[in-house]
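To start, the structure itself, in structure tokens.
Number of protein chains: 2
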Amino acid sequence: MVSTSTSQNSNIMSEMNEFGISIPKKYYNVVPDLPNPLTPIISPQTGEPITPADLEFLFPKQLVSLEFSDQRFIPIPEEIRELYLQIGRVTPLKRLRKLEEFLKTPARIYIKREDVSPTGSHKTNTAIPQAYYAAKEGVRKLTTETGAGQWGSALSASARFVSELLDTELLTEVFMVRSSYDQKPFRKTLMRLFGAEVHASPSNTTEIGKKFLSEDTNNPGSLGIAISEAVERAVTDQEAKYSLGSVLNSVLIHQSIIGIEAIEQLKVREIVPTHIVGCVGGGSNFAGLAFPLRIQFPEAKLVAAESSACPALSKGELRYDFADSGKLGPKIYGHTLGHDYKIPPVHAGGLRYHSTAPLVSNLLSAGEIEPRAYHQTEVFEAGRILTQTEGLVPAPETAHAIKAAIDIALEAKSSHEEKTILVSYSGHGLFDLKGYQAYLDGTLNNY
Amino acid sequence: MVSTSTSQNSNIMSEMNEFGISIPKKYYNVVPDLPNPLTPIISPQTGEPITPADLEFLFPKQLVSLEFSDQRFIPIPEEIRELYLQIGRVTPLKRLRKLEEFLKTPARIYIKREDVSPTGSHKTNTAIPQAYYAAKEGVRKLTTETGAGQWGSALSASARFVSELLDTELLTEVFMVRSSYDQKPFRKTLMRLFGAEVHASPSNTTEIGKKFLSEDTNNPGSLGIAISEAVERAVTDQEAKYSLGSVLNSVLIHQSIIGIEAIEQLKVREIVPTHIVGCVGGGSNFAGLAFPLRIQFPEAKLVAAESSACPALSKGELRYDFADSGKLGPKIYGHTLGHDYKIPPVHAGGLRYHSTAPLVSNLLSAGEIEPRAYHQTEVFEAGRILTQTEGLVPAPETAHAIKAAIDIALEAKSSHEEKTILVSYSGHGLFDLKGYQAYLDGTLNNY
């Protein structure tokens with residue numbers, strides 16, 4: 055991309071949103087601001103903390119270095135900012151007036167619209183820098199897992215955009231949780247449209263996949279199994295590296311762009327949030343919004359919405375556990391249901407993770423986060439209400455956060471309190487209408 | 055909706071886009087500026103022009119009055135502007151720099167992004183005023199047809215939003231072309247999510263539907279048949295009126311909001327388009343952009359992209375023909391393939407119409423519009439290119455316009471001409487990935 059002075063100017067112009075806010079120049083890292091000591095990733099073999107050298111066989115070096123960073127602010131390279139601009143950042147901050155009217159609540163509800171990205175979710179925020187660093191370091195292929203398909207399509211698209219920008223060819227190979235692969239065929243097509251190769255996981259293309267299939271040919275899969283497959287592929291292919299869409303410190307750092315933008319947007323409108331809400335699977339969209347906001351608005355409550363089918367935050371045990379069901383990767387310290395926990399096939403595939411990002415668990419164990427777990431039917435009902443009032447169909451994952459926001463708004467109505475709720479609107483549900491169809495037909499399993 | 059002075063202010067503030075452009079206060083009507091005499095709609099029984107009284111049994115009065123208007127500018131009621139604001143207007147004007155770079159063309163390509171509406175297309179521009187006038191006049195239900203499902207979901211959503219605004223209950227009943235109903239089940243779910251009742255057309259719920267089914271139980275349907283069913287339902291239900299998503303003068307007037315906004319957006323950026331491009335089924339999104347632009351930029355070429363499977367503009371005969379295959383409705387004067395023309399089941403359901411809006415045909419017959427017809431495979435290839443370069447997946451209908459824009463940009467490259475192409479980006483293709491899947495699998499029928 056040749057930046058002439060003309061295109062520079064017009065970039066800068068189009069970079070400005072309605073309030074003159076531009077794309078952040080730095081990420082925020084919560085590590086120096088943790089309430090509890092940092093818990094390192096450990097090796098299951100030695101029980102010792104993983105070193106950067108241990109991770110570099112799996113991840114690009116720049117990403118590994120970020121993983122171990124204790125710097126509060128980390129500069130965002132200019133080319134990555136350009137790519138963020140290309141995918142539609144700064145994302146809008148929108149007030150849900152029609153939802154408020156429908157609820158007859160004194161509360162004000164705002165969403166940070168991460169659904170406007172090319173693949174419909176916040177996942178591009180970390181996919182772009184991950185693909186960028188990989189391509190810069192000569193990696194030829196990124197392998198990854200995906201639940202609902204949000205992450206896989208974000209990485210496929212980002213690899214494509216980075217390839218165009220750097221005039222190279224970065225491929226993607228995606229292992230997609232089988233229950234989502236079957237429920238959401240369109241996500242698969244979207245990934246292929248961006249040039250990715252996609253397998254249903256467990257697949258018969260890896261040893262770990264074959265093992266799970268031999269035990270149960272109808273295994274619906276899980277994020278844990280798919281991670282194992284993608285890791286195995288990266289380890290056995292010299293030119294490939296692995297890419298993870300959540301959980302890691304580095305991913306949470308990338309996602310901080312959500313919160314940093316939001317702070318600026320709230321500031322110019324003179325809004326002070328009382329509640330910060332996000333859904334939690336691995337934890338990255340929640341952390342992306344909540345961590346920067348926590349510093350700016352220390353009085354605000356942090357509310358994490360999760361699935362009752364996979365209640366790691368509210369019922370998980372805080373301990374070291376394998377990050378993946380296949381026990382190939384390292385152990386992380388988080389709230390876990392156990393790496394062998396069988397997660398029901400809820401439509402919110404992105405929330406089907408047995409554990410939690412260590413940084414999120416750090417704040418949770420300090421009492422700084424309030425978890426709320428929701429059943430599938432009430433979540434889709436919240437999605438229907440949002441659709442009918444605001445014309446926005448949330449992803450089932452995101453609908454958990456909307457459900458929490460609605461509950462808080464109704465509590466405000468009962469208690470006659472003024473509340474200002476800010477929600478991470480992590481993704482749209484246009485590929486999840488099969489779940490909505492089951493909900494409308496009354497055939498939804500209420501996990 | 056109670057507009058306090060505070061909410062007024064914040065509405066006005068959020069109404070402004072990055073260039074301070076606000077929602078137009080008037081629609082534009084091409085009738086006074088036609089190159090040829092206006093051709094009235096005629097009654098098939100009498101052969102005489104239809105009068106307003108003839109249409110009022112079918113449509114809300116306000117709409118009928120608009121249908122016969124010869125005023126150049128028509129005020130947009132404040133409540134409709136409020137609803138336009140709610141659905142995300144002013145829509146963005148975006149330059150496709152990455153596509154230009156990929157094509158290595160000196161041409162500049164801009165799109166007017168109608169895909170950002172809640173249901174993903176330009177159709178809400180007319181659905182909102184139609185639902186608004188119906189509700190104001192005490193209509194309880196709107197019946198309609200839909201091809202790809204864009205129109206049906208736009209009307210369902212708009213009826214919902216209008217019901218909230220006016221504190222009433224306006225229902226929708228949608229007859230969806232069976233080939234799309236089968237290919238695009240998610241559109242059906244979206245309509246239901248907004249509260250609509252949806253039938254596959256031909257259906258066994260109307261006399262005309264039963265007739266078509268008795269001749270061929272596998273009839274894939276067409277817009278013409280579905281129109282007949284929706285009209286029959288409206289005529290036989292006292293409290294229902296019919297709603298049409300294209301073709302009518304009134305619809306083209308509503309869609310002029312696209313072009314009026316675009317003129318303002320081009321002006322502040324000092325852009326002078328040389329080519330105005332849109333896809334044509336009935337003709338409303340094309341006319342919506344092209345008609346106002348034609349007055350402001352008389353030197354610009356108007357290019358209409360259509361399906362080779364349904365080439366009404368390039369191969370149709372200019373004459374009076376039934377607007378619907380069932381011959382229930384009136385006759386219109388347009389470029390027609392014949393009301394009994396069997397249209398192949400291309401994925402671009404919205405282009406499967408045997409005739410053309412009279413106002414579009416008026417300009418076409420005067421040599422003011424250049425039609426270009428495209429085969430299905432090259433259209434999906436254009437969609438893939440746009441996805442990989444810009445991260446935007448166009449609807450198959452819209453991909454016809456993108457194909458035309460790419461061709462014009464490549465012609466500019468050959469001839470070393472400076473060209474500035476403005477495209478009506480009528481809708482996204484996130485519900486059309488089955489077509490893309492067939493394209494990627496090489497199983498697409500190249501109609």
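Protein chains in written order, with this note's numbering: chain A, 55 to 501; chain B, 55 to 501.
Every residue, glycine too, gets a C-beta built ideally from N, C-alpha and C.
Short of 6 angstroms from the beta carbon of residue 274 of chain A, and not among the five residues preceding or following it, lie these beta carbons of its own chain, in chain order: 232, 233 and 399. Between the alpha carbons of residue 365 of chain A and residue 427 of chain A lies a gap of roughly 6 angstroms. Exposed is the label assigned to residue 271 of chain B, since fewer than 16 other Cβ atoms lie within 10 Å of its Cβ. At a cut-off of 7 angstroms between beta carbons, residue 442 of chain A contacts chain B.
Contact between residue 489 of chain B and residue 450 of chain B holds: their C-beta atoms lie close to 5 angstroms from each other, under 8 angstroms. Contact with chain A is found for residue 445 of chain B, since one of that chain's Cβ atoms lies less than 7 angstroms from the residue's Cβ.
Close CB contacts of residue 395 of chain B within its chain, under the 7 angstroms cut and outside five residues either way in sequence, are with 408 (chain order).
Residue-level contact by beta carbon fails for residue 464 of chain A and chain B, as no gap is shorter than 7 angstroms. For the 7 angstroms CB-CB criterion, residue 342 of chain A and residue 204 of chain A do not form a contact.
If you compare the alpha carbons of A:260, A:255 and A:294 with that of residue 276 of chain A, the shortest gap goes to A:255. Leaving aside the five residues that flank residue 362 of chain B on each side, the residues in its chain whose CB is nearer than 8 angstroms to its CB run, in chain order, 427, 428, 429, 430 and 501. Cβ neighbours of residue 226 of chain B within its own chain (closer than 6 angstroms, five residues either side excluded): 196, 209, 210, 213 and 250. Residues of chain A with a Cβ closer than 9 angstroms to the Cβ of residue 249 of chain B are, in chain order, 442. Annotation note: the stretch 409-475 of chain A contains the following uninterrupted beta strand (DSSP E) runs of length 3 or greater, listed N- to C-terminal: 423-428. Pairwise C-beta distances place the stretch 293-303 of chain A in contact with the stretch 112-129 of chain A, as three or more of them are shorter than 8 angstroms. No Cβ of chain B is located within less than 7 angstroms of the beta carbon of residue 498 of chain A. DSSP places residue 129 of chain A in the uninterrupted beta strand (DSSP E) bounded by 127-129.
Closer than 7 angstroms to the CB of residue 491 of chain B there is at least one CB belonging to chain A. The stretch 138-154 of chain A makes contact with the stretch 167-182 of chain A, as at least three CB pairs between them are under 8 angstroms. Listed along chain B are 441, 444, 445, 446 and 447, each with a C-beta nearer than 9 angstroms to that of residue 172 of chain A. Inter-residue distance for residue 422 of chain B and residue 314 of chain A is about 51 angstroms (C-alpha atoms, whole angstroms). For residue 159 of chain A, no chain B residue has a Cβ inside 9 angstroms of its Cβ, as the nearest lies near 15 angstroms away. Separation of residue 157 of chain B and residue 377 of chain B (C-alpha to C-alpha, rounded to the nearest whole angstrom) is 40 angstroms. By the 16-neighbour rule on beta-carbons within 10 angstroms, residue 454 of chain A is buried. For residue 323 of chain A, the uninterrupted alpha helix (DSSP H) run begins and ends at 303-323, by DSSP.
In this structure, the CA atom of residue 472 of chain A is about 25 angstroms from the CA atom of residue 360 of chain A. Under the Cβ criterion of 7 angstroms, residue 487 of chain B is counted among the residues facing chain A. Uninterrupted beta strand (DSSP E) stretches at least 3 residues long and entirely within the stretch 85-172 of chain A occur at 127-129, 147-149 and 162-167, given in chain order.
For residue 390 of chain B, the secondary structure class from DSSP, reduced to helix, strand or coil, is strand. In terms of beta-carbon proximity, residue 208 of chain B stays away from the interface with chain A, with every pair separated by 7 angstroms or more.
Taking the beta carbon of residue 438 of chain A as reference, the chain B residues within 8 angstroms of it are 247, listed in sequence order. The beta carbon of residue 476 of chain A lies closer than 6 angstroms to those of 164, 327 and 330 in the same chain, with the five residues before and after it left out. Contact of residue 167 of chain A with chain B is not assigned, every C-beta pair being separated by 7 angstroms or more.
Per DSSP, the continuous alpha helix (DSSP H) segment holding residue 345 of chain A begins and ends at 338-350.
In terms of CA proximity to residue 390 of chain B, B:373 leads the group B:462, B:373, B:484 and B:483.
According to DSSP, residue 261 of chain B shares a beta bridge with no other residue.
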